[in-house]
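In my numbering, the protein residues as written are 32 to 596.
Every residue, glycine too, gets a C-beta built ideally from N, C-alpha and C.
Keep in mind that this is a model prediction, so the values were computed, not measured.
Below is one structure, written out as structure tokens, with a few remarks after it.
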Amino acid sequence: MTEEPTLREACQGTPPLSARLEPWMQELLADPATCSSLLERYGSPLNVHDFSALPRNAAELTEVAGASGVDLRIFVARKANKTLGMVRAAHRAGLGVDVGSERELAQVLEAGVPPHDVVVTAAIKPDPVLRLALESRSLLVLDNLDEVAASRRVAEQVTGARSAEPGRPADRASDAPEPFPVALRLAPKPSDLIPPTRFGESARTWLELIDSGGLGDLLRVDGVHFHLHGYDPIARATALGEALELIDALRERGLAQNGAFVDIGGGIPMSYLDDAGQWDAFWQAHDRQAPESGPGEGDHAADDDRPAAAPDAGEDAPDAGGDAPAAPLTWRGEPLRQVYPYHQQVIRGPWLKRLLGHEIRPGVTAGQALRERGVQLRCEPGRSMMDGCGMTLARVIQRTSASDGVPLVGLEMNRTQCRSTSDDFLVDPILVRTGEDGGRKRSGPFEGFLVGAYCIEAELIQRRRLAFPQGVAVGDVIALPNTAGYLMHILESASHQIPLASNVERVGGGDASGSGGNRPSAEVADRSSAVGADHSSTAVEGSDPRPDVPGFKRDGIDRVLPIRA
């Protein structure tokens, strides 16, 4: 296997932010022929997955919880990665799945995940989402009073339809429908520690609803859920304390009895970078460009806004042509204002240990409060479970420059195919040298920017200046490491009628060869159609007769078009 320094030497940020690479990533990136074959077969860009890290990531949490005597249940956030391979990997690992739409729910159920391992947390829940959740008896998280009213109405429709089934005996007391399991989404009280949230209702609002009979007889409250922005374990523990107070009040009313839980949502941190020094050096270089703005309070391992500017720095690109000006640290010197903390010291297990060990009232830790009540702790991590599970490959199409001489490398992809709500993906790409295979000339060394396919002036794949000390050739492969969590799918777009990226899984790494691994997505379409034709999945007609690249299987999600039938 090629050593990591060799893999990284052809492309580095200025200054560098070296990605943490899983062994399977190093193995693939050290094999230029396979990288080329993958893009030739499946197109560019391509999302490559290996879910072998998923059980290990989950174990970091469960081991800490177990050591604290806390019962923990993990539901992996489907929105973080849309592949069916992720669903199967989570199910094999004994984890549940958190879904945010009717189609996500239909696909998860079709993949064989039992309803008791599914939680429906969608921010907006139209009737088809509610109906499928209730019909399947998946756990439904209620967000607000209008959603309660809609859920009651749909629950009455579902139970009414069942009671009217041919051959069903007349109603008797023993035939009263079993209530549907739900959780109440709590909006914790805003404070200096806890930011405001758009999700949920206050504890007072929920209790007033219950006391007035507004919940009805068909919805059974089993637990409390909340969602907080950010990664502070102390803020999360504080909100957990408020949720446990709501559990106590629900139990006084005969609700949340056996099997009660508090779900703290997602936002469990991970780290893309191993080197804290690189992270600090990058922000020092970034912030030096605008001393009048200054860095934010505290360190950069926080989910904060980054006000700064970056005037010119660096060298001209030898192959840019003309008298190119010195390139800035970021595109046009624009500051990065809102950035995910790509390096964090306290992640997953240690993060949960801090949360459980925090005193939510004098002398009582969060872990102790959960144990005393016999309340299960639940969470819905996405990014931190997908850590090490994927990367994105893209083909170099052209080398050019802007009219002011700034060097550009054009990739066969667009910026939405490696993007989250963060201003930039602050992880260095890997350049795989494959372009010489066709006799194409390699450029000299230069520094420049990666640009994409959309007809937009600032169509940047990454907003940082990158150094290419060995040059770049048309046909080379750029690899964006560790993109499986959110970056591949959360904002991807098919604008310009450019197809979405294909998704493949390494055979063996995530057990892609298992039964049902690539079931025809027409089954998914049929399942969705059964709960509402206007919201059905749409399968791609026909099938590609070409064989898969040895060692890889295409994910079944690629056969489902993101349109209504």
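(Q) Please state whether the Cβ-Cβ distance between V406 and F292 is less than 8 Å. (A) Counting from one through the sequence shown, the residue named residue 406 turns up at place 375. Counting from one through the sequence shown, the residue named residue 292 turns up at place 261. Against a cut-off of 8 Å, the Cβ pair of F292 and V406 comes out as a contact.
- Task: Pick out the complete beta strand (DSSP E) segments inside the stretch 431-511, 3 residues or longer, and give them in chain order.
- Result: 438-442, 461-463, 477-482, 497-499
| query | What span of residues does the beta strand (DSSP E) with A108 cover, start to end? | reply | Here residue 108 is taken as the residue at index 77 of the sequence shown, counted from 1. 103-108 is the extent of the beta strand (DSSP E) around A108.
Pull up the DSSP beta-bridge partners for Q375, would you. The count along the sequence shown starts at 1 and reaches residue 375 at position 344. Answer is none; Q375 lacks a bridge partner.
- Grouping DSSP H, G and I as helix and E and B as strand, with all else coil, what is H122? As a working note, residue 122 is residue 91 in the sequence shown. DSSP places H122 in helix when its eight states are reduced to three.
_Quick check for students: name the residue ranges of the beta strand (DSSP E) that lie wholly in the stretch 220-290, counting only runs of 3 or more._
250-257
Practice item. Could you check how far apart the C-beta atoms of L386 and A515 are, in whole angstroms? I think they sit under 8 Å. Key: Here residue 386 corresponds to residue number 355 of the sequence shown, with the count starting at 1. Here residue 515 corresponds to residue number 484 of the sequence shown, with the count starting at 1. Going by Cβ atoms, the distance from L386 to A515 rounds to 25 Å, so no, they are not a contact pair.
Answer with buried or exposed for H147, where buried requires no fewer than 16 other C-beta atoms within 10 angstroms of its C-beta. The residue labelled residue 147 in the question sits at position 116 within the sequence shown. Exposed is the call here.
Three CB pairs or more closer than 8 Å across the stretch 487-505 and the stretch 404-422: no
| task | Determine the direct distance from the alpha carbon of F477 to that of D347, and round the result to whole angstroms. | result | Along the sequence shown, read from residue 1 onward, the residue named residue 347 stands at position 316. Along the sequence shown, read from residue 1 onward, the residue named residue 477 stands at position 446. Any reading at D347 must be qualified, since the residue scores a pLDDT of 34, below 50, and its modelled position is unreliable; the value itself is stated next. Spanning the two alpha carbons is a distance of roughly 7 Å.
In this structure, how does DSSP classify S610 when only helix, strand and coil are distinguished? Outside the shown range of the chain, which is 32 to 596, sits residue 610, and nothing can be said about it.
Nearest candidate by alpha-carbon position, reference L60, set V463, H258, R282, V538: The residue labelled residue 60 in the question sits at position 29 within the sequence shown. For L60, the nearest C-alpha among the options comes from V463.
Notebook entry, point to check: Among G254, T447, L277, which has the Cα closest to the Cα of I487?
Noted result: The count along the sequence shown starts at 1 and reaches residue 487 at position 456. Closest by alpha carbon: T447.
Discussion item. So, under 8 Å CB-CB, G127 and V150 are touching, yes? Tell me the CB distance rounded to an integer number of Å.
Written reply: To locate residue 127, count along the sequence shown from 1; it is residue 96. To locate residue 150, count along the sequence shown from 1; it is residue 119. 6 Å between Cβ atoms; contact.
### Query
At what residues does the beta strand (DSSP E) containing L408 begin and finish?
The residue you call residue 408 lines up with position 377 of the sequence shown. Element bounds for L408: 407-410.
DSSP three-state call for F313: helix, strand or coil?
Within the sequence shown, numbered from 1, the residue matching residue 313 stands at position 282. Residue state, collapsed to three classes: helix.
message = Measuring straight from C-alpha to C-alpha, what distance separates A532 and L92?
response = Position 501 of the sequence shown, counted from the first residue, corresponds to residue 532. Position 61 of the sequence shown, counted from the first residue, corresponds to residue 92. Using only the alpha carbons, I get a separation of about 32 Å.
Worksheet item: Rounded to a whole number of angstroms, what is the C-alpha to C-alpha distance between K220 and T65?
Response: Within the sequence shown, the letter at position 189 stands for residue 220. Within the sequence shown, the letter at position 34 stands for residue 65. Roughly 53 Å between the two C-alpha positions.
What number of angstroms, rounded off, separates the C-alpha of V139 from the C-alpha of Q376? In the sequence shown, the residue the question calls residue 139 occupies position 108. In the sequence shown, the residue the question calls residue 376 occupies position 345. Straight-line Cα distance between these residues: approximately 33 Å.
> Between V508 and H80, is the Cβ-Cβ spacing less than 8 Å?
Replying inline: Along the sequence shown, read from residue 1 onward, the residue named residue 508 stands at position 477. Along the sequence shown, read from residue 1 onward, the residue named residue 80 stands at position 49. No. Outside cutoff.
| Excluding the five sequence neighbours on either side, which residues of its own chain have a C-beta within less than 7 Å of the C-beta of W362, listed in chain order? | Numbered from its first residue, the sequence shown carries residue 362 at position 331. So the list reads F480, A489, L491, R494, once near-sequence residues are dropped.
Practice task
Throw me the rounded Cβ distance for the L240 and V179 pair, which I believe falls under 8 Å.
Solution key: To locate residue 240, count along the sequence shown from 1; it is residue 209. To locate residue 179, count along the sequence shown from 1; it is residue 148. Confirmed, about 7 Å.
Practice task
Would you tell me roughly how many angstroms separate the C-alpha atoms of V144 and S434, rounded to the nearest one?
Solution key: In the sequence shown, residue 144 corresponds to position 113, counting from 1. In the sequence shown, residue 434 corresponds to position 403, counting from 1. Those two C-alpha atoms are separated by around 54 Å.
- Query: Identify the residues that DSSP records as bridge partners of G44: which are they?
  - Reply: Within the sequence shown, the letter at position 13 stands for residue 44. Answer is L497.
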